[in-house]
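In the UniProt record's numbering, the protein residues as written are 1 to 263. Cβ atoms here follow ideal geometry from the backbone N, Cα and C, with glycine treated the same way. Take a look at the structure below.
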């Protein structure tokens, strides 16, 4: 489909079909719709203005598990668990960068048009006027400045890394019997906490549901896969695995459930 000198793709027609002037170069003239059907977002009306209280609560709930996990790593000297968390963050950052590079969708709010360059400032004032650059920087709300969704939820991933790390650190500290006794309570609390974070993200159309689902699936696998985590620790401790006087062949890494150094 061609309009003037602009060649329009199928994705463009989704926007242009709701644009009175059929001018995809000026999204401000269009009533934009999200490109992805989303059963959860479709049932929640996008807010006209973002509620600052909701965003503050959301970001506090994002950082509390991560900071608590770091505090417990420091308090109990759980260096191994800290390295596992860092390794998973690094791996997920690669995933985030990949999806950011290969996807070109409007953000989940439905206020932004399709863009082809992730560094292109959105021409629709609705995308930039809510908080301005400072608010976007503070809250990490990239869609305020730049249009486009990444098909990945870093918020969900970080909350899960924090919750799983806390559980593993406490299990290491207090033993298997403590973990077996409190396992149901831990899972219930973690599930409710994560569900509330997800609800807040969806209520402000922070993410598509598929972003959150993908992050939950990948993080659940990576943060509970012992060999994957052991490889990450080995990677970070490459020059510390072989103490003086020991051969490389006789050195081994400590089991995942053991926070002490390998002997």
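As assigned by DSSP and simplified to three states, the class of residue i
i, result
"residue 77", "coil"
"residue 242", "Because the pLDDT of residue 242 is 36, which lies under 50, any placement of that residue in the model is unreliable, and the number read from its coordinates should be weighed accordingly. Three-state result, residue 242: coil."
"residue 88", "helix"
"residue 135", "Note that residue 135 scores 47 on pLDDT, short of 50, meaning its location in the model is unreliable; the coordinates nonetheless yield the value given after this. Here residue 135 sits in helix by DSSP."
"residue 51", "coil"
"residue 223", "coil"
"residue 95", "helix"
"residue 56", "helix"
"residue 114", "With a pLDDT of 43 at residue 114, under the threshold of 50, the predicted position of this residue should be treated as unreliable, though the coordinate-derived value follows. Coil."
"residue 206", "coil"
"residue 67", "helix"
"residue 216", "helix"
"residue 256", "Any answer about residue 256 is weak, because its pLDDT of 42 lies below 50 and its placement is not dependable; what the coordinates show is given next. Coil, per DSSP."
"residue 229", "helix"
Own chain residues within Cβ distance below 7 angstroms of residue i, not counting five before or after
i, result
"residue 89", "161"
"residue 129", "For residue 129, the pLDDT reaches just 41, beneath the cut-off of 50, and the residue's location in the model is therefore unreliable, leaving the point undetermined."
"residue 4", "With a pLDDT of 38 at residue 4, under the threshold of 50, the modelled position of this residue cannot be trusted; read the value that follows with caution. If we look at residue 4 and ignore the five residues flanking it on each side, it has no Cβ neighbours."
"residue 223", "88, 160, 161 and 164"
Enclosing alpha helix (DSSP H) for residue i [first to last residue]
i, result
"residue 161", "154-203"
"residue 41", "Element bounds for residue 41: n/a, residue is neither H nor E."
Spatial neighbours of residue i in its chain, beta-carbon cut-off 6 angstroms, leaving aside the 5 residues before and after
i, result
"residue 153", "207, 211, 212 and 215"
"residue 209", "38 and 40"
"residue 328", "Only positions 1 to 263 of the chain appear in the structure, and residue 328 is not among them; the question remains open."
"residue 92", "157"
Nearest-angstrom Cβ-Cβ length linking residue i and residue j, presumed shorter than 8 angstroms
i, j, result
"residue 87", "residue 232", "3 angstroms"
"residue 72", "residue 186", "Between residue 186 and residue 72 the Cβ distance is about 14 angstroms, and since that is not below 8 angstroms, they are no contact."
"residue 202", "residue 84", "The Cβ separation is near 29 angstroms, so there is no contact."
"residue 173", "residue 99", "Incorrect: roughly 36 angstroms between the Cβ atoms, too far for contact."
Cβ shell of residue i (< 8 angstroms), same chain only, five flanking positions each side left out
i, result
"residue 193", "61, 65, 159 and 163"
"residue 51", "204"
"residue 316", "The question about residue 316 has no answer here: the residues shown for the chain are numbered 1 through 263."
"residue 94", "none"
"residue 54", "200, 203 and 204"
"residue 68", "162 and 166"
"residue 44", "202, 203 and 205"
"residue 220", "160"
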